[in-house]
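J.: 134 is the number that this note's numbering gives to position 134 of the sequence shown; each next residue is one higher, with no gaps.
My structure is below; once you've seen it, I'll send some questions.
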Amino acid sequence: MKNRFLILLLLACILGLAACGAEQAPTEEADPPETVQPEEDPAETVPPAQPEEDPPEDPAPGLPPLEGTPLTAEELARASEAFNSYASGSEKALELGCFFTSFYEDVTELDFEEFLRYYFVESTDLEDGDTEEFQALAALPGFHWDAEDLERWGNRPSGLPVPVHRISKAAVDRTLETYAGITTADLKNTESVLYLSDYDSYYNFTSDYGPGSFQPEEGVRDGDTVILRSEPVWGDGGEVINELTLREEDGRWLIQSFTRISTENG
């Protein structure tokens, strides 16, 4: 009986200690859940694409600018009067008009056949009495009519449908030297023009009068050079500007070039 009492007392002590330990043992707190970082969106880290800039536009078509000191209205008026190819009774105007019958970058490259087409300075017409001269002319390569034509027209100048002009080479040389500082010896191509050395003359068959013309609308001076431009005219399928370049030499203004510039292509 005594032993049973002791056993019960021992069990009670053991249970009491267990209960006491359970109350005092600290409760382990669970670790806080790890924060999950969202994955970065590559689109958010790349800066937005900048809009592409339009390529620079080509310069507006037009004429290259004139460089130099602009001519005054009075200077332009004097130039306009000087280059008037239709001035009545003006031999100077008749000569100048010949320089405007073709275009050239260098005056020595002008079209000599066109230059002489309306050149009437010291020009005379062949007459029927100039038989030997006319026969020598008809024998030249490039003469406009064949033997059959000449036979039909009587082999005489007056029988041709147009007059035959005799043009003094000496007069042409003086004109070229006066206005351009050159002579026929400096011209690059004179092959298309009929010439008889025995008579020191050129020949053509013009029956009308239509010299070239140039009237300046604006101009500039740069040192010993003056550039003059016409107002826009119609030519080569569109509007163009005629441009004349002069150079001062020993107190004279000499023609250097006569060119045509499109107002659309610059």
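Built from N, CA and C at the ideal position, the CB exists for glycine as well.
1) Buried or exposed for S207, please, with buried defined as at least 16 other CB atoms from any protein chain shown within 10 angstroms of its CB.
2) Along the chain, which unbroken stretches of the alpha helix (DSSP H) at least 4 residues long are found entirely within the stretch 78-165?
3) Quick one: what does DSSP say D222 is sitting in, helix, strand or coil?
4) If you count every other CB in all the chains shown that lies within 10 Å of the CB of E243, and 16 or more means buried, which is it?
5) So, does the stretch 76-87 touch the stretch 231-238, judging by three or more C-beta pairs under 8 Å?
6) So, at 6 Å on beta carbons, what are the nonlocal neighbours of P211 in its own chain, with the 5 sequence-adjacent residues on each side left out?
7) To the nearest angstrom, how far is it from the Cα of T225 to the Cα of S123?
8) Compare the beta carbon distance of R221 and L71 with 8 Å and say whether it is the shorter of the two.
9) Is L254 near R247, with beta carbons less than 8 Å apart?
10) Under a Cβ-count criterion, where at least 16 other Cβ atoms within 10 Å of its own Cβ denotes burial, should Q135 be classed as buried or exposed?
11) Measuring alpha carbon to alpha carbon, tell me which residue in L140, Y179, H144 is nearest V162.
12) Following the continuous alpha helix (DSSP H) through E177, name the residue where it begins and the one where it ends.
13) Check the C-beta distance from A138 over to L150 and give it rounded, since I have them as a contact under 8 Å.
14) Closest to Y202 by C-alpha separation, out of R166, A185, G159, L94, would be which residue?
15) So what does DSSP say about L76, is it helix, strand or coil?
16) Which term fits L140, buried or exposed, when burial requires 16 or more other beta carbons within 10 angstroms of its beta carbon?
17) Use the C-beta contact count for T27: other C-beta atoms within 10 angstroms, 16 or more gives buried, fewer gives exposed.
18) What three-state label does DSSP hand T245 in the structure shown?
19) With 16 other CB atoms within 10 Å as the buried threshold, where does Y179 fall?
20) Residues bridged to P70 by DSSP?
21) What residue does the beta strand (DSSP E) around Y271 start on, and which one ends it?
22) Taking the straight line between their C-alpha atoms, what separation do you get for Y195 and P65?
23) DSSP state of T190, grouped into three classes?
T.: Put simply:
1) Here residue 207 refers to the residue found at position 207 when the sequence shown is read from its first residue. It counts as exposed.
2) Complete alpha helix (DSSP H) runs here, min 4: 91-98, 112-117, 131-138, 147-152.
3) Position 222 of the sequence shown holds residue 222. The answer is strand: DSSP assigns D222 an E or B state.
4) Your numbering for residue 243 matches position 243 in the sequence shown. Here E243 is buried, its C-beta having at least 16 other C-beta atoms within 10 Å.
5) These segments do not touch.
6) As a working mapping, residue 211 is identified with position 211 in the sequence shown. Same-chain partners within the cutoff: S85, G97, Y118.
7) On the sequence shown, residue 225 is found 225 positions in, with the first residue counted as 1. On the sequence shown, residue 123 is found 123 positions in, with the first residue counted as 1. Roughly 33 Å between the two C-alpha positions.
8) Here residue 221 is taken as the residue at index 221 of the sequence shown, counted from 1. Here residue 71 is taken as the residue at index 71 of the sequence shown, counted from 1. In this structure, L71 lies closer than 8 Å to R221 by Cβ.
9) For the purposes of this step, residue 254 is taken as residue 254 along the sequence shown, with counting starting at 1. For the purposes of this step, residue 247 is taken as residue 247 along the sequence shown, with counting starting at 1. Yes, Cβ-Cβ distance for L254 and R247 is below 8 Å.
10) Taking the first residue of the sequence shown as 1, we reach residue 135 at position 135. The C-beta of Q135 has fewer than 16 other C-beta atoms within 10 Å across all chains shown, which makes the residue exposed.
11) As a working mapping, residue 162 is identified with position 162 in the sequence shown. Ranked by Cα distance from V162, the first of L140, Y179, H144 is H144.
12) Position 177 of the sequence shown holds residue 177. Counting along the chain, the alpha helix (DSSP H) containing E177 begins and ends at 169-180.
13) Translated into positions along the sequence shown, residue 138 becomes position 138. Translated into positions along the sequence shown, residue 150 becomes position 150. The beta-carbon separation of A138 and L150, rounded to 6 Å, stays under the 8 Å limit for a contact.
14) Along the sequence shown, read from residue 1 onward, the residue named residue 202 stands at position 202. Checking every option, the nearest Cα to that of Y202 belongs to R166.
15) Mapped onto the sequence shown, residue 76 falls at position 76. Three-state DSSP puts L76 in a helix.
16) Translated into the one-based positions of the sequence shown, residue 140 becomes position 140. L140 should be labelled exposed.
17) Here residue 27 corresponds to residue number 27 of the sequence shown, with the count starting at 1. Confidence at T27 is low in this model, with a pLDDT of 46, below 50, so its placement is unreliable and the value that follows should be read with caution. The Cβ neighbour count for T27, taken over all protein chains shown within 10 Å, is under 16; the residue is labelled exposed.
18) Here residue 245 refers to the residue found at position 245 of the sequence shown. DSSP places T245 in strand when its eight states are reduced to three.
19) Numbered from its first residue, the sequence shown carries residue 179 at position 179. Flag for Y179 reads buried.
20) Within the sequence shown, the letter at position 70 stands for residue 70. Looking at the DSSP assignment, P70 forms a beta bridge with V220.
21) Since the first residue shown for the chain is 1 and the last is 266, residue 271 is missing from the structure and cannot be characterised.
22) Here residue 195 is taken as the residue at index 195 of the sequence shown, counted from 1. Here residue 65 is taken as the residue at index 65 of the sequence shown, counted from 1. Going by C-alpha positions, Y195 is about 42 Å away from P65.
23) Residue 190 sits at position 190 when you count from the first residue of the sequence shown. In the displayed model, T190 falls within coil according to three-state DSSP, outside both helix and strand.
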